[in-house]
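Let me begin by presenting the structure, written as structure tokens, before commenting on it.
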Ligand code: BES
Ligand code: MN
Ligand code: ZN
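In the numbering used here, the protein residues as written are 18 to 519.
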């Protein structure tokens, strides 16, 4: 799909379809009003006949209206005007996008981007309209056979223009469009990698993809393999990988386009390409979904993609510890004690709490190698996080309040929200081990997302650090969501904007 931003009158558009909003109780928006006037009441007539009343998400296509240039007009229900908020904006734009693709129109212009949302501007409107549209159009059919792929529905729609009210709104709209396109590329990449099955998306595959993504950009990729991990003393990461025939990889990315002396921001993503639980084997039900256990890593790759596409002047490093977690003769056994790169010994009481093991060594490596300004890790870390928060927000933990605030704010902005949970010292006592410095799980399941974060904190104390538990948000049903690429990219954009203010 190609996208444009423009400012023009709805009645003058020579396009396949003009999209305008109608609020609940058939209240026309300004653009709909204009079309109604010019067509001598055609829109009002249809609405009065009862074909649509403006409930959120309704759509109705009208053909061959008089006195306008467009082939079609699509009415989109926006719901109650007083309740029109950010969520309604996204939802109605997505509904419009879905309906639009079912028409025969090749191009369309949407006036839904005229609808102002409290506290937001036309940068936001265009950004969110594009993201909602692309979110709707995403499909993953790479794994279907050739015949099935041929039979996939073909859509005619090629171009969508988002209209803004005034010419003076164009720069903001265009910026929104540009940034949303890059964000969407990043999120799409994360979705594609997430949706791939474990037999294809292995640690080695992830490493190859990282190199491929870096290709056209000033991104350096370095992959640490087993031998080097051994030299570095990454006993925690290696212990997880021992249960699998796939060699582990620690994928490192460096994008140093900021000022020379600025410390980098570090992103660390769990790249567990399949989590069977190891010797503490998971039950069979829904185990297929554990192919998504690399979504944290995929979101780091996606964020690098977005940042590089936008050529952001920033120093960014990434680390993705990639491994499988399978039961095997060499696998971790409950009670095994391993020594992490940080020198902290860990008693592996449950081999299914493997994410924190591989992240511990990656976080230590990042601290020692890059001395980052701040580090954010992203991981499908705990089922407990899904129990606590459900599938709407990601769980956020941080030892630095301003960082937590900035992440929460970025998430709100792009609709990829997080919710903060405590990282109190009280919980640390739950991780006591009879024999080692720390246990990888607690005796009970209480506060499981928090104790997992507290485990990671043992390895990040010296850094400004945040942890996003995306166990409930990285996929929905059986589909990867690409989260939290939008949150992370918006966070970096905001971070740069603030830097200029200082
Ligand atoms: N990858 C899982 C977490 C997970 C489970 C994410 C289900 C999404 C849905 C992680 O490695 C894991 O197995 N965690 C255990 C920790 C437990 C053993 C303390 C869990 O959540 O059950
Ligand atoms: Mn696990
Ligand atoms: Zn896992």
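By construction, the Cβ of each residue, glycine as well, lies at the ideal position given by its N, Cα and C atoms. Treat the numbers as computed from the prediction; the structure is a model and nothing was measured.
Problem set entry | Delimiting residues of the beta strand (DSSP E) encompassing residue 109 | Element bounds for residue 109: not the beta strand (DSSP E) but the alpha helix (DSSP H), 103-119.
Exercise. What first and last residue would you give for the alpha helix (DSSP H) that runs through residue 285?
Worked result: Run containing residue 285: none in the alpha helix (DSSP H); it sits in the beta strand (DSSP E), 282-286.
Exercise. Can you give the beta carbon distance from residue 112 to residue 127, rounded, assuming they're within the 8 angstroms contact cut?
Worked result: Residue 112 to residue 127, Cβ: 12 angstroms. No contact.
Exercise. Just to confirm, are residue 103 and residue 143 a CB contact at a threshold of 8 angstroms?
Worked result: Going by C-beta atoms, residue 103 is not nearer than 8 angstroms to residue 143.
Exercise. When you compare only the Cα positions, how much space is there between residue 301 and residue 369?
Worked result: When rounded, the distance between both Cα atoms is 14 angstroms.
Exercise. Near residue 332, what residues of its chain come up, given a Cβ to Cβ distance below 6 angstroms and the 5 sequence neighbours on each side ignored?
Worked result: Beyond the five residues adjoining it in sequence on each side, residue 332 comes within less than 6 angstroms, by CB distance, of 273, 275, 279 and 281 in the same chain, given in chain order.
Exercise. Can you tell me the Cα-Cα spacing of residue 163 and residue 157, whole angstroms?
Worked result: For residue 163 and residue 157, the gap between their C-alpha atoms comes out near 14 angstroms.
Problem set entry | residue 342 Cβ short of 7 angstroms to the ligand ZN heavy atom set | Checking the Cβ of residue 342 against the ligand ZN gives yes.
Exercise. If you draw a straight line from the C-alpha of residue 52 to the C-alpha of residue 66, how long is it?
Worked result: Residue 66 has its alpha-carbon roughly 18 angstroms from the corresponding atom of residue 52.
Exercise. Within this structure, are the beta carbons of residue 265 and residue 249 separated by less than 8 angstroms?
Worked result: The criterion of a C-beta distance shorter than 8 angstroms is not satisfied by residue 265 and residue 249.
Exercise. For the beta strand (DSSP E) that residue 34 lies in, which residues bound it at each end?
Worked result: For residue 34, the enclosing beta strand (DSSP E) has its first and last residue at 34-40.
For this session: With hydrogens ignored, establish whether the beta-carbon of residue 397 is closer than 7 angstroms to any heavy atom of the ligand ZN.
Result: Remark: the C-beta of residue 397 is in contact range of the ligand ZN, defined as less than 7 angstroms to any heavy atom.
Exercise. How about residue 374 and residue 257: are their beta carbons less than 8 angstroms apart?
Worked result: Yes, the pair counts as a contact, with Cβ atoms nearer than the cut-off.
For this session: Enumerate in chain order the residues of its own chain whose CB-to-CB distance from residue 437 is below 6 angstroms, with the five nearest sequence positions on each side excluded.
Result: The residues are 413 and 421.
Exercise. Between the C-alpha atoms of residue 193 and residue 225, what's the straight-line distance to the nearest angstrom?
Worked result: The straight-line gap from Cα to Cα measures roughly 31 angstroms.
For this session: May I ask you to report which of helix, strand or coil DSSP gives residue 435?
Result: Here residue 435 sits in strand by DSSP.
Exercise. Considering only residues of the same chain and omitting the five flanking positions on each side of residue 247, which have a CB-CB separation below 7 angstroms?
Worked result: Same-chain partners within the cutoff: 255.
Exercise. By how many angstroms is the C-alpha of residue 322 removed from the C-alpha of residue 488?
Worked result: The straight-line gap from Cα to Cα measures roughly 22 angstroms.
Exercise. Considering only the beta carbon of each residue, do residue 492 and residue 416 sit closer than 8 angstroms?
Worked result: No. Outside cutoff.
Exercise. Just to confirm, are residue 109 and residue 190 a CB contact at a threshold of 8 angstroms?
Worked result: No, the Cβ-Cβ distance between residue 109 and residue 190 is not below 8 angstroms.
Exercise. How should residue 62 be labelled, buried or exposed, when 16 other C-beta atoms within 10 angstroms of its C-beta is the threshold for buried?
Worked result: Of the residues assessed, residue 62 falls on the exposed side of the cut-off, its CB having fewer than 16 other CB atoms within 10 angstroms.
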